[in-house]
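Each number in this note's numbering corresponds to the 1-based position in the sequence shown with 243 added.
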Amino acid sequence: MRKKVFPLTIILLLTGCSEPIIKEETQTIIWLTEGITPPENELVINEISKYTIEKLGYPVEINYFAPNEYSEVVTKMIEDGKRYDIAFASPIKDAISLANQGYFADLSPYLSYSSLLKETIPSNLWKGVMMNNTIIGVPTIKNAGSTEQWVWSYKEELAEKFSFDNLKSLEDVDHLLYELKTEYPDQYILDFTYEGMYSMLVESANLERVTINSGINYADKTAKVENIWQNENIKSNLELINKWYNDKIINPNVFANNNSLVVLSQSILDDSSYLNKIYSNSVHSTNSVQSSYNVVSTSSPHIQKCVEFLELVNTDIYLRNLLAYGIEGIHYQKLDEDTIIKLNNYYEPQILAQGNISDLYFVVNQPTYIIKEETPTISPIIGFRFDNELVKNEILACQTIEKELAPLLLSGKQNPHDLLPQLSEMLYSEGYLNIKNALQSQIDEFLNT
244 MRKKVFPLTI ILLLTGCSEP IIKEETQTII WLTEGITPPE NELVINEISK YTIEKLGYPV
304 EINYFAPNEY SEVVTKMIED GKRYDIAFAS PIKDAISLAN QGYFADLSPY LSYSSLLKET
364 IPSNLWKGVM MNNTIIGVPT IKNAGSTEQW VWSYKEELAE KFSFDNLKSL EDVDHLLYEL
424 KTEYPDQYIL DFTYEGMYSM LVESANLERV TINSGINYAD KTAKVENIWQ NENIKSNLEL
484 INKWYNDKII NPNVFANNNS LVVLSQSILD DSSYLNKIYS NSVHSTNSVQ SSYNVVSTSS
544 PHIQKCVEFL ELVNTDIYLR NLLAYGIEGI HYQKLDEDTI IKLNNYYEPQ ILAQGNISDL
604 YFVVNQPTYI IKEETPTISP IIGFRFDNEL VKNEILACQT IEKELAPLLL SGKQNPHDLL
664 PQLSEMLYSE GYLNIKNALQ SQIDEFLNT
């Protein structure tokens with residue numbers, strides 16, 4: 244049973260780069276978002292306008308920008324003072340810097356007039372978009388996710404004989420890899436991306452990465468900063484990876500997408516010959532919350548209306564699905580109250596950039612956007628952001644060292660007993676201790692305020 248919603252008032256207008264249907268620019272809420280302009284967009288615009296013409300009194304123009312250009316183009320628009328009201332902030336590389344410079348409105352005073360929005364979104368998500376006691380954006384309700392995600396992709400023919408369930412650590416997969424090596428003695432079994440292996444190492448150690456080489460343990464309420472490369476769990480797993488490499492389980496050209504039987508990465512493999520299993524810990528942290536949130540421009544002439552619009556997007560079931568899937572009977576067909584099947588001329592914007600996924604219809608033969616019944620781990624430093632201005636040079640130097648040596652560890656090509664001491668010595672010689680101390684000082688101050 245879906246919850247009741249209390250519609251606000253809004254006229255909604257979506258466009259790509261085409262001319263707006265409604266041209267009263269002074270009343271238009273302009274929304275910048277990531278993605279390719281969906282097909283038949285104007286048709287959907289007209290349908291949305293029929294529904295919303297009595298609602299808010301403001302049309303909304305949605306401008307889409309391709310993912311590979313979004314951050315650069317939108318940042319320039321913001322810094323140049325170009326007219327916009329709402330922006331999808333997650334892909335903007337310098338979003339926090341822009342917030343610090345005052346480009347994004349503090350939404351705190353406006354949420355008192357949009358109580359349904361404030362109540363609908365869990366309090367921990369609001370913490371993830373707080374900065375200096377201000378709320379800089381509206382977070383998206385989605386599955387409690389982590390910044391660190393990993394995916395096991397495996398050849399389809401392996402599914403009948405081998406189980407790829409519950410592979411939540413490298414220890415979990417160890418026995419399976421040796422079974423596969425016995426079955427396929429002349430093949431390399433495992434390949435992985437650098438990011439996929441790094442992600443799994445960090446997550447299996449229950450760490451939250453905060454900055455270069457540094458993290459805190461989710462279970463440590465005092466949030467003591469750890470050097471990731473000195474963590475005992477990670478050391479143990481690096482030894483295991485080195486063992487796999489020596490036993491010819493890991494492809495020697497690892498990181499190169501070698502069509503191995505099993506691939507570990509951070510995303511689903513775009514190859515129909517593979518099946519995929521996605522894993523991540525359920526964590527609410529600053530980074531996981533900020534993987535999907537929208538901000539409002541300080542220069543917007545109607546900030547309150549922007550917040551009311553975002554409330555409607557996140558609480559009105561009909562509008563939410565119209566934004567996500569288009570028009571019933573043209574872009575999709577309803578099978579029951581909550582289930583649809585997409586038609587050939589389907590409408591497909593970037594759904595997670597829009598808002599609350601808990602009100603979305605289930606789609607036949609598609610990945611389901613559904614809120615799992617799970618109790619996430621809450622980071623002890625949710626809402627914290629590291630100001631690295633005073634240690635920028637040290638961070639750049641340490642990044643250079645890690646870029647050179649970490650792939651040798653993660654690939655298994657070098658024995659961690661030999662390389663880890665060398666890595667640590669080089670990091671500390673380039674000022675890693677300054678980074679660690681600055682980070683710890685800011686975390687302590689954050690926890691004590």
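In this text, a Cβ means the ideal position worked out from N, Cα and C, and glycines have one as well.
Since we're looking at a predicted model, the values are computed, not measured.
Mapping DSSP to helix, strand and coil, what is residue i?
i: Gln685; result: helix
i: Arg452; result: strand
i: Thr318; result: helix
i: Ile378; result: strand
i: Lys520; result: strand
i: Glu403; result: coil
i: Tyr216; result: Since the first and last residues shown for the chain are 244 and 692, residue 216 lies out of range.
i: Ile621; result: strand
i: Asn691; result: coil
i: Glu304; result: strand
i: Glu414; result: helix
i: Asn564; result: helix
i: Lys548; result: helix
i: Thr582; result: strand
i: Glu571; result: strand
i: Ser396; result: strand
i: Ala332; result: coil
List the endpoints of the continuous alpha helix (DSSP H) containing residue i.
i: Ile484; result: 475-489
i: Gln576; result: No alpha helix (DSSP H) holds Gln576; the beta strand (DSSP E) holding it covers 575-577.
i: Tyr294; result: 284-295
i: Asn367; result: 366-371
On the criterion of 16 or more Cβ atoms from any shown chain inside 10 Å, does residue i qualify as buried, or is it exposed?
i: Ile329; result: buried
i: Gln576; result: exposed
i: Glu304; result: buried
i: Ile492; result: buried
i: Arg563; result: buried
i: Gln344; result: exposed
i: Ser531; result: buried
i: Lys361; result: buried
i: Pro428; result: exposed
i: Leu368; result: buried
i: Ala462; result: exposed
i: Val317; result: buried
i: Tyr189; result: The structure shown does not extend to residue 189, since the chain spans only 244 to 692, so no value can be given for it.
i: Lys319; result: exposed
i: Val453; result: buried
i: Thr494; result: Correcting the residue identity first, residue 494 is Asn in this sequence and not Thr. By the 10 Å Cβ count, Asn494 comes out buried.
i: Pro664; result: exposed
i: Pro310; result: exposed
i: Leu639; result: exposed
First and last residue of the beta strand (DSSP E) that includes residue i?
i: Asp661; result: From DSSP, Asp661 is part of no beta strand (DSSP E) but of the alpha helix (DSSP H) over 659-672.
i: Phe347; result: Here Phe347 belongs to no beta strand (DSSP E), and DSSP marks it neither H nor E.
i: Glu637; result: Here Glu637 belongs to no beta strand (DSSP E); instead the alpha helix (DSSP H) covers 635-653.
i: Ser442; result: First-last for Ser442: 437-447, but that is the alpha helix (DSSP H), not the beta strand (DSSP E).
i: Val532; result: Element bounds for Val532: not the beta strand (DSSP E) but the alpha helix (DSSP H), 529-532.
i: Leu275; result: 272-277
i: Asn537; result: 536-539
i: Leu507; result: 505-508
Leaving aside the five residues before and after residue i along the sequence, list all residues of the same chain whose C-beta is less than 8 Å from its C-beta, in chain order.
i: Gln685; result: Phe627, Phe629, Asp630
i: Leu565; result: Val287, Glu290, Ile291, Tyr294
i: Asn470; result: Asn456, Ser457, Ser667, Leu670, Tyr675, Lys679
i: Ile339; result: Met374, Arg628
Leaving out the 5 sequence neighbours to the left and right, which residues in its chain are closer than 6 Å to residue i when beta-carbon positions are compared?
i: Asn599; result: Ile384, Asn557
i: Val634; result: Asn677, Ile678, Ala681
i: Tyr327; result: Ile273, Leu275, Ser540
i: Ser654; result: Val497
i: Glu267; result: In this prediction, Glu267 scores a pLDDT of 42, lower than 50, which makes its location untrustworthy; no coordinate-derived value is stated.
i: Pro334; result: Glu277, Tyr313, Ser314
i: Ser542; result: none
i: Pro592; result: Gly278, Pro281
i: Leu413; result: Asn480, Leu483
Quick check on this structure: which residue in the options has the alpha carbon closest to the alpha carbon of residue i?
i: Gln657; options: Ala499, Ala640, Pro428, Ile484; result: Ile484
i: Gly569; options: Asn588, Leu555, Glu551, Glu554; result: Asn588
i: Lys270; options: Ser534, Ala338, Pro302, Ser314; result: Here the sequence assigns Gln to residue 270, which means Lys is not the residue at that position. Looking at the Cα atoms, Pro302 is the closest of the given residues.
i: Thr436; options: Tyr461, Arg452, Ser503; result: Ser503
i: Thr465; options: Gly655, His660, Ile624, Lys298; result: Ile624
i: Val416; options: Lys404, Ser622, Trp395, Leu359; result: Trp395
i: Lys467; options: Glu414, Lys478, Trp393, Gln683; result: Gln683
i: Glu422; options: Leu444, Leu413, Lys404; result: Lys404
i: Cys641; options: Phe605, Ser543, Trp472; result: Trp472
Would you verify that the beta carbon of residue i is, or is not, closer than 8 Å to some beta carbon of chain D?
i: Ser543; result: This model lacks chain D altogether, as it is built from one protein chain only.
Beta-carbon within less than 7 Å of residue i's beta-carbon, same chain only, minus the 5 sequence neighbours each way: which residues are those?
i: Ser351; result: Thr377, Ile378
i: Ser672; result: none
i: Ala596; result: Thr276, Glu277, Gly278, Phe331, Ser535
i: Lys398; result: Leu504, Ser516, Tyr517
Any heavy atom of the ligand SAM within a distance shorter than 7 Å of the CB on residue i?
i: Asp417; result: The ligand content of the structure shown is nil, which means the ligand SAM is not present either.
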